[in-house]
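*Asks:* Residue numbering for the sequence shown is 16 to 162, as defined by the numbering used here.
Even glycine gets a Cβ: it sits at the ideal position worked out from N, Cα and C.
All figures in this text were calculated on a predicted structure; none of them were measured in a lab.
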Amino acid sequence: MTPALQFGRAEAGVGYLVRPTAFGLVFHDERLACVRVTRDAPYHDLPGGAVDGDETEEQALVREFLEETGMTVEPVERIVEAGQYFRKSDGQPVNNVGGVWIARMIALDPARKVEADHELVWLHPRTALAELRHEAHAWAVAAWLRR
16 MTPALQFGRA EAGVGYLVRP TAFGLVFHDE RLACVRVTRD APYHDLPGGA
66 VDGDETEEQA LVREFLEETG MTVEPVERIV EAGQYFRKSD GQPVNNVGGV
116 WIARMIALDP ARKVEADHEL VWLHPRTALA ELRHEAHAWA VAAWLRR
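1. If I measure Cβ to Cβ from residue 81 and keep anything under 7 Å in the same chain, skipping five residues before and after, which residues do I get?
2. According to DSSP, is residue 57 helix, strand or coil?
3. So, are the CB atoms of residue 113 and residue 79 less than 8 Å apart?
4. Enumerated in chain order, which unbroken segments of the alpha helix (DSSP H) with a length of 4 residues or greater are wholly contained in the region 70-106?
5. Residue 116 and residue 37: beta carbons closer than 8 Å?
6. For residue 110, which residues from the same chain have a beta carbon less than 6 Å from its beta carbon, with the 5 sequence-adjacent residues on both sides left out?
7. For the putative contact between residue 163 and residue 41, defined by C-beta atoms under 8 Å, what is the C-beta separation to the nearest angstrom?
8. Taking its Cβ as the centre, do 16 or more other Cβ atoms sit within 10 Å of residue 129, making it buried, or is it exposed?
9. Span of the beta strand (DSSP E) holding residue 109?
10. In angstroms, rounded to a whole number, what distance separates the CA positions of residue 64 and residue 70?
11. Using 8 Å for Cβ pairs, my map puts residue 104 next to residue 60. What's the rounded Cβ distance?
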């Protein structure tokens, strides 16, 4: 699986697990929905994550938004396919490969969030550009801003 765009650098001699993913851009009141993840060192990501089993990207996006933020979303448009080499918090080398979607917020119920280490934060898109952990996510935000 070769993505249209590839971000990050693969370390020589390291085998990267290709991990199908879907991430989303949801804008509300001129702010972008992001998640602040509090693990070893806190960081910001776009909501989203791995595509499980036979899920489509759209199904994974809806599930991940609900798990991470309590937000119910409707996928609207897939704006890019990108890969991102990185090491997960447990050290596992992965290449997240999948779509970044524009999505619409349908409802927000924080009680439905299940990932305790994820917190929904609304960032100005330019702040998100500087704060997002993954280059692929920042690229998607920049692409959306230029539309």
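*Replies:* Checking against the coordinates, here is how it stands:
1. Here residue 81 has 87 and 127 as same chain residues with Cβ atoms under 7 Å from its own Cβ, once five neighbours each way along the sequence are excluded.
2. Coil at residue 57, not helix or strand.
3. Result no, Cβ atoms of residue 113 and residue 79 do not sit closer than 8 Å.
4. For the alpha helix (DSSP H) assignment, the uninterrupted runs of no fewer than 4 residues enclosed by the region 70-106 are, from N- to C-terminal side, 72-84.
5. Closer than 8 Å, so yes.
6. Taken in chain order, the residues that qualify are 31, 33, 98 and 100.
7. Lying before the first or after the last residue shown, residue 163 is absent from the chain, which here runs from 16 to 162.
8. Exposed.
9. Counting along the chain, the unbroken beta strand (DSSP E) around residue 109 starts and ends at 108-123.
10. C-alpha separation (whole angstroms): 12 Å.
11. Not quite, the Cβ-Cβ distance comes to about 11 Å (not below 8 Å), so this is no contact.
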